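**Student:**
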Amino acid sequence: SAVISQKPSRDICQRGTSLTIQCQVDSQVTMMFWYRQQPGQSLTLIATANQGSEATYESGFVIDKFPISRPNLTFSTLTVSNMSPEDSSIYLCSVRGDTQYFGPGTRLTVL
Amino acid sequence: GQNIDQPTEMTATEGAIVQINCTYQTSGFNGLFWYQQHAGEAPTFLSYNVLDGLEEKGRFSSFLSRSKGYSYLLLKELQMKDSASYLCAVRETTGGFKTIFGAGTRLFVKA
Numbered sequence: 001s002a003v004i005s006q007k008p009s010r011d012i013c014q015r016g017t018s019l020t021i022q023c024q025v026d027s028q029v030t031m032m033f034w035y036r037q038q039p040g041q042s043l044t045l046i047a048t049a050n051q052g053s054e055a056t057y058e059s060g061f062v063i064d065k066f067p068i069s070r071p072n073l074t075f076s077t078l079t080v081s082n083m084s085p086e087d088s089s090i091y092l093c094s095v096r097g098d099t100q101y102f103g104p105g106t107r108l109t110v111l
Numbered sequence: 112g113q114n115i116d117q118p119t120e121m122t123a124t125e126g127a128i129v130q131i132n133c134t135y136q137t138s139g140f141n142g143l144f145w146y147q148q149h150a151g152e153a154p155t156f157l158s159y160n161v162l163d164g165l166e167e168k169g170r171f172s173s174f175l176s177r178s179k180g181y182s183y184l185l186l187k188e189l190q191m192k193d194s195a196s197y198l199c200a201v202r203e204t205t206g207g208f209k210t211i212f213g214a215g216t217r218l219f220v221k222a
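As they're listed, the protein sequences go chains A and B. Counting with this note's numbering, you get residues 1 to 111 for the letters of the first sequence. Counting with this note's numbering, you get residues 112 to 222 for the letters of the second sequence.
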């Protein structure tokens, strides 16, 4: 199993600012995944983060808006840049093991 | 690409049995997950099927037919606390074994 922590757990931000979300895993993993869950919606994959290479983004998501870092095998960050109210969502970090494990999520509200 | 379909909402009575269906189309199948998600919380793992057949785990069972691209989650002896969203998710062999989620089924359990 994997235990995942995220910081911050929630934040309220102003339009036009940026927020960096941290994800820490208690074991080394090759791939980390970032998901977004907008209000009342299911989970949408933003990108897959490999250690030592650039993240792979899903259709509709771009690096300029959601830059990702993956400095080592237990840590990743997702930045939500130039935020607008439409970015208000829960952002979840996830890793693959015998199942798919999720962090507790970061609830972001953009005013 | 892939497509995952599940009913939007279902209602059932406490003590009854409910079956939530999921159909999927994917280019490279590597397993199907069911998750439970209560409002405001991260998804909780329920089951994982990679081979055809029925997996039983207490009150919850999950079935998979790979040839039909079909799965169901069966919940027995429903309790009020089972009111939640149930997410069907498919792991692909492409794109780093990413896991893609369906829109989720909101289950309401009534007394």
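By construction, the Cβ of each residue, glycine as well, lies at the ideal position given by its N, Cα and C atoms. Remember, predicted model here, so these are calculated numbers, not experimental data.
1. State the CB to CB distance for the pair residue 83 of chain A and residue 9 of chain A, rounded to an integer number of angstroms; the pair is presumed to be in contact (CB under 8 Å).
2. Against chain B, does residue 75 of chain A count as a neighbour if the rule is that its beta carbon must be under 8 Å from one of theirs?
3. Is there at least one Cβ from chain B nearer than 8 Å to residue 92 of chain A's Cβ?
4. Tell me residue 123 of chain B's beta-bridge partners as DSSP assigns them.
5. Below 8 Å, can you find three or more Cβ-Cβ pairs linking the segment 72-92 of chain A to the segment 14-30 of chain A?
6. May I ask you to list the residues that DSSP assigns as paired with residue 164 of chain B?
7. Does the CB of residue 209 of chain B have a neighbour CB from chain A at under 8 Å?
8. By how many angstroms is the C-alpha of residue 208 of chain B removed from the C-alpha of residue 30 of chain A?
9. Is the CB of residue 118 of chain B under 8 Å away from at least one CB in chain C?
10. Sort B:186, B:220, B:181, B:189 by Cα distance to residue 132 of chain B and report the nearest one.
11. Whose CA, out of B:213, B:212, B:162, B:187, lies closest to the CA of residue 176 of chain B?
12. What's the call for residue 106 of chain A, buried or exposed, on a 16-neighbour Cβ count within 10 Å?
13. Using a Cβ cut-off of 7 Å, pull out every chain A residue sitting near residue 153 of chain B, in sequence order please.
14. Taking C-alpha atoms, which residue in A:42, A:73, A:58 lies nearest to residue 50 of chain A?
15. I want to verify the contact list: residues of chain A whose CB lies under 7 Å from the CB of residue 215 of chain B, in sequence order.
16. I'd like the span of the beta strand (DSSP E) that includes residue 108 of chain A, first residue to last.
17. What separation, rounded to the nearest whole angstrom, lies between the Cα atoms of residue 70 of chain A and residue 149 of chain B?
**Tutor:** Put simply:
1. Not a contact, Cβ separation roughly 17 Å.
2. no
3. yes
4. B:220
5. yes
6. B:175
7. yes
8. 11 Å
9. No chain C is part of this structure, whose protein chains are labelled A and B.
10. B:181
11. B:162
12. buried
13. 92, 102, 103, 104, 105
14. A:73
15. 42
16. 106-110
17. 30 Å
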